[in-house]
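So the sequence shown is numbered by our numbering: it starts at 180 and just counts up by one. We put the CB at the ideal spot given by N, CA and C, even for glycine. All of these numbers come straight from a predicted model, not from anything done at the bench.
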Amino acid sequence: MSFIKSGRGNDQLLLDGFRYRRDRLVWCCIKDRCKGRARYDENTFKMYWDHICQVPNPDEIEKAVYNYEVRKKAEQSHDLPRLIIQETRLKLSSDAAITIRQYSASTRVVQRIRRDKNIPTEPKTFADVIISNNFQNTVANQNFLLYDNNDHRRRLLIFASKEQLDFLNCCESWHCDGTCAVASNLFEQMYSIYDSVRGKTLPLVYSFFPNKNQETYEELFRIIKQHVERKPKYMTIDFEKTAENGFGALYPECAISDLLDELQKESVKRQLANILALPLLPMNKIIAAFYDASDLLITINRNFQTFVDYVEKTYIISPKFNPLNWNHYNTLSNRSRTNNHVEGYHRYLNSHMTAKPNIWKWIMHIQKDDEQTIIRLEPENKQKRSTQPRKNTNLMHDISLSNLKASYEQNIIDIKEYQRKIRVTSYSYINAFENNTTYDDND
């Protein structure tokens, strides 16, 4: 005989393989229309009306105890959800173990209990943002709030666990991007720093920006520099000049690569594949290749003139974005060339969080992501290999690029043939041609 709490927090009695709920002075079977009753008599609980719902079910009792223990530990401890679930599962018999909810469902129960218990009121001003201890720490109760400038005019918050900073300290290539959709109403954007660990791109630093000014980017990277000794060799960012300037002020020796996304989005015609392939050409071939492609585009349709002028001014002649930053010929097969994987994480955030979420819900979400990152990396560090290797399609794509580069540098193919084959590769980045098999690569 024992007592537990139901999912709604009501007392339940476990007796002789049945569950009862309190009904004034007696205990009734939890099954609807069952006449089973128990009462306290002579210093003990006894069943005095027989059950008609079923025979005693020990597995169901174990399942109920399991659910209760998970909820209780979620409220009373700071243990990781996976530890709570694992420890509670050890008490189950093999028959009862197959009846309990799935691991992911149990994890959500723990997270929901902690969320509902700990969410304060949404702040109205920067001065109202008072971060309590449970929001300053990770799920594992380790320090998570890295920096808070406490400026009531332009509040900047930076979150990163020690483990994530240690990972970042081992990385030579950083990927940075911001998203406005999941930023709290008080903040302009959420800005994150990622890196690829054994083929997977994982978030390592999270921040809330009050604006997109260069001084804010500089403040972020200055704090990161204080905690991460190693200086990155490479960095990819979105097309944001203030971000580039802010990073460059702290890491002037780092090679900054701007993204290809905006150019790719404008690419809706097959002939634009030649221009899309410019980042994969040797630096000394870019200008000639651009004018060859642009002249052809304008000859086909003069409406391309505006696009050509834009690319020329922005990327080619006295460019806003130096070709050294967006050319990837020297990095083929060596490291990530774009921030598409980072954009993927932001799409995940946008699909799992409401627009402009409560700041406390946002912190709890990144606490969970921090834990998931550790969960994914722990077995890989022990096994010294990726448990989620890259897709064969992506690997073959990189091998193809590397082989083309080698063939050109060994004079097996000339620059025209190299351009033609690289142009074919660039088709995969144009959504309009994803399912098109009618193009002729000899024109």
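Which one of the options has the shortest CA to CA distance from residue i?
i      : options                        : result
Thr415 : Trp539, Gln255, Phe500, Lys184 : Phe500
Leu193 : Met180, Tyr494, Ile292, Lys595 : Met180
Lys391 : Ile601, Ala362, Gln255         : Ala362
Cys208 : Phe224, Lys225, Thr223, His230 : His230
Ile292 : Lys270, Leu335, Arg187, Gln233 : Arg187
Glu320 : Pro237, Ala217, Tyr326, Asp258 : It is Asn, not Glu, that sits at residue 320 in the sequence shown. Here the closest residue by C-alpha is Asp258.
Leu381 : Arg212, Ile264, Leu528         : Leu528
Leu325 : Lys600, Ile542, Gln589         : Ile542
Lys210 : Leu336, Arg200, Ile466, Ile592 : Arg200
Ala276 : Asp238, Pro431, Cys349         : Asp238
Leu383 : Glu351, Asp417, Glu342         : Glu342
Val308 : Val407, Val289, Asn328         : Asn328
Ile454 : Ser272, Ser352, Glu491         : Glu491
Ile553 : Leu347, Asn236, Leu429         : Leu347
Gln368 : Pro536, Tyr597, Ser285, Ala472 : Pro536
Ser273 : Lys540, Ile264, Glu241, Asp593 : Glu241
Ile601 : Lys584, Gln589, Tyr282, Leu475 : Lys584
Ser605 : Ile465, Ala452, Val289         : Ala452
Please state whether DSSP places residue i in a helix, a strand or coil.
i      : result
Tyr430 : coil
Ile380 : For the sequence presented, residue 380 should be read as Thr rather than Ile. Strand.
Met226 : strand
Phe387 : strand
Arg261 : helix
Asp417 : coil
Thr552 : helix
Thr358 : strand
Phe612 : Residue confidence is low: Phe612 scores 41 on pLDDT, short of 50, so the model does not pin down where it sits. No coordinate-derived value is stated.
Ser340 : coil
Arg216 : strand
Asn312 : helix
Asn392 : coil
Asn504 : helix
Asn320 : coil
Ile496 : coil
Ser363 : coil
Asp211 : coil
Lys535 : coil
Val249 : helix
Arg280 : coil
Asn236 : coil
Lys270 : coil
Arg599 : helix
Given that a residue counts as buried once 16 or more other Cβ atoms are within 10 Å of its Cβ, and exposed if not, what is residue i?
i      : result
Asn312 : exposed
Val249 : buried
Asp549 : buried
Thr317 : buried
Glu445 : In this prediction, Glu445 scores a pLDDT of 40, lower than 50, which makes its location untrustworthy; the coordinate-derived value is nonetheless stated afterwards. Its Cβ having fewer than 16 others within 10 Å, Glu445 is exposed.
Leu503 : exposed
Phe197 : buried
Pro458 : buried
Tyr587 : buried
Cys350 : buried
Tyr489 : exposed
Pro431 : exposed
Ala339 : buried
Ala456 : buried
Asn246 : buried
Ser256 : exposed
Val288 : buried
Does the distance between the C-beta of residue i and the nearest non-hydrogen atom of the ligand GTP fall short of 7 Å?
i      : result
Ala534 : Ligands displayed in this structure: none; no statement on the ligand GTP is therefore possible.
Short of 6 Å in beta carbon distance, which residues of its chain neighbour residue i, apart from the five on each side in sequence? Order them along the chain.
i      : result
Tyr370 : Gly357, Ser386, Phe388
Ile538 : Ser363
Leu475 : none
Tell me which same chain residues have a C-beta within less than 7 Å of the C-beta of residue i, skipping the five on either side of it?
i      : result
Thr421 : Lys391, Asn392, Gln393, Tyr396
Phe461 : The question names Phe, but residue 461 is Pro in the sequence shown. Around Pro461: Tyr508.
Gln546 : Thr317, Val318, Phe323
Ala306 : His331
Trp228 : Lys214, Gly215, Arg216
Asp195 : Met226, Pro235
Which partner residues of residue i appear in the DSSP bridge assignment?
i      : result
Trp353 : Met414
Gln191 : Ile183, Arg200
Asp327 : Leu336
Met369 : Thr358, Phe387
Trp206 : Arg201, Ala217
Ser375 : Thr380
Ile435 : Met414
So, at 8 Å on beta carbons, what are the nonlocal neighbours of residue i in its own chain, with the 5 sequence-adjacent residues on each side left out?
i      : result
Glu419 : Gly357, Lys391
Cys433 : Lys410, Pro411, Lys412, Tyr413, Met414, Phe426, Gly427
Thr304 : His331, Leu365
Ile279 : Lys242, Tyr245, Asn246, Arg268, Leu271, Ser285
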